[in-house]
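**Q** When you line the sequence shown up against the UniProt record's numbering, it's residues 1 to 230, in that order. Glycine residues also receive a C-beta, built at the ideal position from the N, C-alpha and C atoms.
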Amino acid sequence: MDTHAAPLISATALVSGYGGLDICGPLDLQLRPGTALGIVGFNAAGKSTLLRTLVGYQEPVSGDVLILGAFTDDSSYLYRRAVSVVLDEDAFFPSLSVQEHLDLVARGHGLEHAGELVERELAFFDLEGARTAYPHALSSGQRRRLLLAAALIRPARLLVLDEPEQRLDPQMRAGLAARLRERVAAGATLLVVTHDPGFLAVVADHALVVADGEITARTVDAAAAAIRES
């Protein structure tokens with residue numbers, strides 16, 4: 001991590017919630033390049049709400065958040081080039097097959113050898129047999145893996161993943177954790193919500209625990225213990 005680099009995410013007195021109702025906060029945060037931050041907590045504690053607020057997908061109840069040094073606009077060209085997001089929702093083109101989705105993402109980001117990269121993701125996420133299938137025909141696990149494949153095939157300064165370990169077998173889960181660490185080591189920033197203490201221990205450098213409306217900075221070991229106790 002470059003401690004002198006400008007933060008990719010900067011939050012000041014940030015409170016997350018819906019309809020003016022506080023769910024968790026306040027939070028002050030500086031997330032710099034080459035850092036992996038895990039967010040953990042009980043079910044319905046507000047982890048995903050906090051994540052969505054930090055990346056500009058919903059407005060904070062109060063406080064401020066900056067991404068890439070500006071008040072965020074998740075529809076802007078600069079945001080979409082720099083930030084790769086997987087939340088707990090589908091984002092597919094119904095008329096494109098699995099392979100066509102990945103090819104579109106790879107070529108849209110100007111990647112060389114796009115075909116080879118697509119094949120790598122199909123193999124890694126066990127989607128080779130579904131390459132010609134359309135989103136409506138996929139299982140929930142296959143749709144989840146396609147979202148992850150689309151997020152990882154492209155370059156990104158900031159990776160934002162909401163429970164990426166869901167519906168993955170242990171081998172794929174371990175492989176994903178290793179790939180995320182490689183991206184962070186290469187300078188990317190990772191923001192991840194997880195319920196898996198082992199996954200957290202591999203991917204994260206720091207952690208936030210969300211509980212009883214409060215957000216507390218913890219070591220990764222302490223956060224992993226909090227998951228086991230939940």
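Spell out the partners DSSP gives Ser84 in its beta bridges.
**A** On the sequence shown, residue 84 is found 84 positions in, with the first residue counted as 1. Its beta-bridge partners are Leu159.
**Q** In chain order, what residues of the same chain lie with their CB nearer than 7 Å to the CB of residue 239, ignoring the 5 residues before and after it?
**A** Residue coverage of the chain in this structure runs from 1 to 230, which leaves residue 239 outside it and unanswerable.
**Q** Roughly how far, in whole angstroms, is the beta-carbon of Leu190 from the beta-carbon of Leu37, given that I think they are within contact range, below 8 Å?
**A** Within the sequence shown, numbered from 1, the residue matching residue 190 stands at position 190. Within the sequence shown, numbered from 1, the residue matching residue 37 stands at position 37. Contact flag correct, Cβ pair sits at about 7 Å.
**Q** Which partner residues does Thr216 have in the DSSP bridge list?
**A** For this step, residue 216 is matched to residue 216 along the sequence shown. Its beta-bridge partners are Val209.
**Q** Among Ser16, Ala44 and Leu66, which has the Cα closest to the Cα of Gln30?
**A** Here residue 30 is taken as the residue at index 30 of the sequence shown, counted from 1. Here the closest residue by C-alpha is Leu66.
**Q** Nearest-angstrom Cα distance between Ile215 and Leu50?
**A** Translated into the one-based positions of the sequence shown, residue 215 becomes position 215. Translated into the one-based positions of the sequence shown, residue 50 becomes position 50. The straight-line gap from Cα to Cα measures roughly 9 Å.
**Q** Any chance the segment 17-27 sits against the segment 181-190, with 3 or more Cβ pairs inside 8 Å?
**A** They do not touch, by the three-pair rule.
**Q** Which of the three DSSP states is assigned to Tyr79 in this structure?
**A** In the sequence shown, residue 79 corresponds to position 79, counting from 1. The answer is helix: DSSP assigns Tyr79 an H, G or I state.
**Q** Starting from Asp103, trace the beta strand (DSSP E) in both directions and tell me its first and last residue.
**A** Numbered from 1 along the sequence shown, position 103 holds the residue referred to as residue 103. Run containing Asp103: none in the beta strand (DSSP E); it sits in the alpha helix (DSSP H), Val98 to Gly108.
**Q** If you drop the 5 nearest sequence neighbours on each side, which residues of the same chain put their C-beta closer than 6 Å to that of Ser10?
**A** As a position in the sequence shown, residue 10 is number 10, starting the count at 1. Closer than 6 Å at the Cβ level, and outside the excluded window around Ser10, lie Gln30 and Leu66.
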